[in-house]
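Novice: Throughout the sequence shown, residue numbering follows my numbering, covering 7 to 320 in sequence.
Every residue gets a Cβ at the ideal spot worked out from N, C-alpha and C, and that includes glycine.
These numbers come from a predicted model, not from an experiment.
The structure is given below, and queries will be raised subsequently.
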Amino acid sequence: MLKEDKTVMLLRTDTRDQAWIDAFSVTMPELEVRLWPETGDRSEINCALLWGPPPELFDELDNLEVIFSIGAGVDSLLTCQTLPAHLPIVRMVESELTAGMVEFCLFHVLRFHRLMHLFEKHRVERRWEDLTQVPASEVTVGIMGIGVLGQALARQLSALRYQVIGYRRGPGDVDDMEVFRGVDQFETFMRRSEILVALMPSTPETKKLINCRTLSWLPPGACFINAGRGDLVDEEDLVSALDGRRLAGAALDVFKTEPLPQESPLWTHPDVYITPHIASITHPPTACRYIADVIGRHRLGEPWPHLVEIGRGY
């Protein structure tokens, strides 16, 4: 169990190191933070906050007790071949990270529902045309992945009167939401989703789940928002669906290869909106408060919360 008098955090973020150090100095002044690769005596390190760790990071960290993921997703950790299998990994589940994802998805749901993607084209063409508006209560938004983020989005969409349905690969119900589960119910879910929002993690089962076949199940003129993981989508099939008008538009924040290669046709496609994996950015002050609260509860004997199930990939 982490000791109050000697808690040493190994920090590996790639960006905003000083912001994290400053935030920890406020929330946990007793915590010693060491930036990778300036680790000092590795035997003193007992916790780590990580993103994209290099294989050598885990060498000689014999007293490491827990890993915190900087982001909501954990694939940057699970793809590290030297990740110690016995260590608990705590996912980042905090209010600002959740709020950011909800805001991003709401923005694009509203964009597509209110036909702003069409009005933007009309502006370029200097075309004045009144397009028929459909009430939110007559629009079905399908959310792929209804964990913490998906359920938070569903609540906000429901408050705006959208019809919301959810899809998850495993069992489990969600209050006040129609939930489709498993491979057998995926087609039915897709055929109902006029605006499809993907928030699923990257696992072997989800890779290229959005492809030519599954896109053909969407209602004609459907729109797609991906804020989950890039490898969920077959990008060539997505472009084909857009070119064939099966899809009316796509808002993409994540991609198979990041940064998105310059030669990708997604850059110039008129029906695609691209952002550079910024749907929700972890906010160090609130994230550090979350970590401090989790460590404090653990010291009182509570189990680590929001643990990653390595076998499931999230």
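Could you spell out the range, first to last residue, of the alpha helix (DSSP H) harbouring residue 183?
Specialist: Here residue 183 belongs to no alpha helix (DSSP H), and DSSP marks it neither H nor E.
Novice: If you measure between the beta carbons of residue 166 and residue 142, is that distance less than 9 angstroms?
Specialist: yes
Novice: What residues in its chain sit with their C-beta under 6 angstroms from that of residue 81, if we drop five residues either side in the sequence?
Specialist: 208
Novice: With residue 75 as the anchor, note down where its beta strand (DSSP E) starts and where it stops.
Specialist: 72-75
Novice: Determine, using beta-carbon pairs with one atom in the region 110-118 and one in the region 244-262, whether at least three such pairs fall under 8 angstroms.
Specialist: Look at the beta carbons and you see the region 110-118 touching the region 244-262: at least three pairs across the two are nearer than 8 angstroms.
Novice: Grab the span of the beta strand (DSSP E) containing residue 148 for me, first residue to last.
Specialist: 146-150
Novice: What's the C-alpha gap between residue 149 and residue 173?
Specialist: 6 angstroms
Novice: Which residues bound the alpha helix (DSSP H) around residue 296?
Specialist: 290-305
Novice: Distance, Cα to Cα, residue 196 vs residue 137?
Specialist: Distance between the alpha carbons of residue 196 and residue 137 is about 26 angstroms.
Novice: Identify, in the order they occur along the chain, each residue of the same chain with its Cβ nearer than 7 angstroms to the Cβ of residue 232, setting aside the five sequence neighbours on each side.
Specialist: 204, 238, 239, 258, 259, 260
Novice: So, do the region 267-284 and the region 70-89 have three or more beta carbon pairs nearer to each other than 8 angstroms?
Specialist: No, the region 267-284 is not in contact with the region 70-89.
Novice: Secondary structure at residue 162, three-state DSSP: helix, strand or coil?
Specialist: helix
Novice: Label residue 34 either buried or exposed according to how many other C-beta atoms from any shown protein chain fall within 10 Å of its C-beta, with 16 as the threshold for buried.
Specialist: buried
Novice: Taking all protein chains shown into account, decide if residue 188 is buried (16 or more other Cβ within 10 angstroms of its Cβ) or exposed.
Specialist: Of the other Cβ atoms in all chains shown, fewer than 16 fall within 10 Å of the Cβ of residue 188; this residue is therefore exposed.
Novice: Find out if the Cβ-Cβ distance for the pair residue 19, residue 76 is shorter than 9 angstroms.
Specialist: yes
Novice: Measuring only the C-alpha atoms, how far is residue 293 from residue 250?
Specialist: Rounded to the nearest whole angstrom, the C-alpha separation of residue 293 and residue 250 is 43 angstroms.
Novice: How should residue 73 be labelled, buried or exposed, when 16 other C-beta atoms within 10 angstroms of its C-beta is the threshold for buried?
Specialist: Buried, by the Cβ-count rule.
Novice: From residue 151 to residue 248, what distance separates their C-alpha atoms?
Specialist: 23 angstroms
Novice: Going residue by residue through the region 193-272, where are the continuous alpha helix (DSSP H) segments of at least 4 residues, counting only ones entirely within it?
Specialist: 218-221, 241-249
Novice: Under DSSP, the beta strand (DSSP E) around residue 176 begins and ends at which residues?
Specialist: Run containing residue 176: none; DSSP gives neither H nor E here.
Novice: Report the start-end ranges of each alpha helix (DSSP H) in the region 47-92 that is 4 residues or longer and not cut off at the edges.
Specialist: Segments of the alpha helix (DSSP H) lying fully in the region 47-92: 81-84.
Novice: Buried or exposed: where does residue 43 fall if 16 or more other Cβ atoms within 10 Å of its Cβ makes it buried?
Specialist: exposed
Novice: Exposed or buried, residue 26, counting other C-beta atoms within 10 Å across all chains shown (16 or more means buried)?
Specialist: With 16 or more Cβ atoms within 10 Å of its Cβ, residue 26 is classed as buried.
Novice: Applying the 10 Å Cβ sphere with the 16-neighbour rule, what's the burial state of residue 7?
Specialist: exposed
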